[in-house]
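Take a look at the structure set out below.
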Amino acid sequence: MQPYLYPYAGYFRLLAASDIFILYDDVQFPRRGRVHRCEMRPGHWLTLPLMHQPRDTLIRDLRWHNDARGELDRRLSSFDVPREVECPVAASVCNHLYGRLDEVVDFLETGIRLVAHAVGIHAPIIRSSALEIDPSLRGQARITEIVKVLGGSCYINAPGGRGLYDAGQFDAAGLQLKFLVPYTGQFLHILQPLLKGNATELGCDIRSTCVVEN
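Using the working numbering, the letters of the sequence shown correspond one by one to residues 1443 to 1656.
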């Protein structure tokens, strides 16, 4: 799965359902996707201040705008995100958002790991770029190769991936293809609940809606 900025709770069901979670960072950055932005409330997005780069830039190669720290601070302030709070979970989120800006992909991964830890999900997280998969492989061929390299037998994808993958090709590769059912939980936006310290409820929501099917 591509690394998203504090995605909705349904995203973390993939971590809950997986033995190994792959951050797909060596693919083209989707400019209209959720990699660099987080929906704070319906129709209102917190967007990372990124440098303007070529359209074919990979996620792992994203860079910050020159005044990223100042601009991000202003955007966080516009959503009333506090700098300091007492709740440990909320404090870790605020420290991340207002802290040092590492490479963009590092920042995204840290946020995902932070949430996973807060809700008690401990699947190992590996970047696809670290696997050194043949760059000529595309689409399903690339996915099946990743699963094989890791010694896996099954690939679990989000509900929206049903139209992208062919179970027959996975079967031919000796692999299973499964999908999460559509997310029906209550946390379509997780940053505000985390800032309120609702990690326990968030974790219960993720687990209770984590259903996998063929």
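Where a beta carbon is used, it is the ideal one built from N, C-alpha and C, also for glycine. Model, not experiment: these values are computed from the prediction.
### Query
Where does the unbroken beta strand (DSSP E) through Lys-1620 begin, and where does it stop?
1618-1622
### Span of the beta strand (DSSP E) around Asn-1599
1596-1599
### For Phe-1621 and Ile-1598, the rounded distance between their alpha carbons
5 Å
#### Entry: Inter-residue Cα distance where the pair is Arg-1505 and Leu-1543
10 Å
### Query
Relative to the C-alpha of Ser-1650, which residue among Val-1546, Ala-1451 and Tyr-1446 is closest?
Ala-1451
### Query
What residues in its chain sit with their C-beta under 8 Å from that of Leu-1518, if we drop five residues either side in the sequence?
Leu-1488, Leu-1539 and Tyr-1540
### Query
Going straight from the alpha carbon of Asp-1613 to that of Glu-1526, what length do you get?
51 Å
### Contacts around Gly-1639, its chain only, beta-carbon distance under 6 Å, and the 5 residues preceding and following it disregarded
Cys-1529, Val-1531 and Ala-1532
### Task
Report the partner residues of Phe-1463 according to the DSSP bridge assignment.
Ile-1567
### Short CB-CB distance (under 8 Å) between Gly-1627 and chain D
Protein chain content of the structure displayed is limited to a single chain, and chain D is not contained in it.
### Query
Who are the Cβ neighbours of Arg-1479 in its own chain at under 8 Å, not counting the five residues just before and after it?
Leu-1447, Trp-1487, Leu-1488, Thr-1489 and Leu-1490
### Task
Using alpha carbons as the reference points, say which of Pro-1449, Val-1623 and Phe-1463 lies closest to Ala-1572.
Phe-1463
### Query
In terms of alpha-carbon separation, which member of Val-1591, Gln-1582, Leu-1592 and Val-1589 lies closest to Leu-1606?
Gln-1582
### Query
Would you report the Cα separation of Val-1469 and Arg-1476, rounded to the nearest angstrom?
14 Å
### Query
Nearest-angstrom Cα distance between Ala-1565 and Pro-1496?
33 Å
### Buried or exposed by the 16-neighbour rule on C-beta atoms within 10 Å, applied to Gly-1616
exposed
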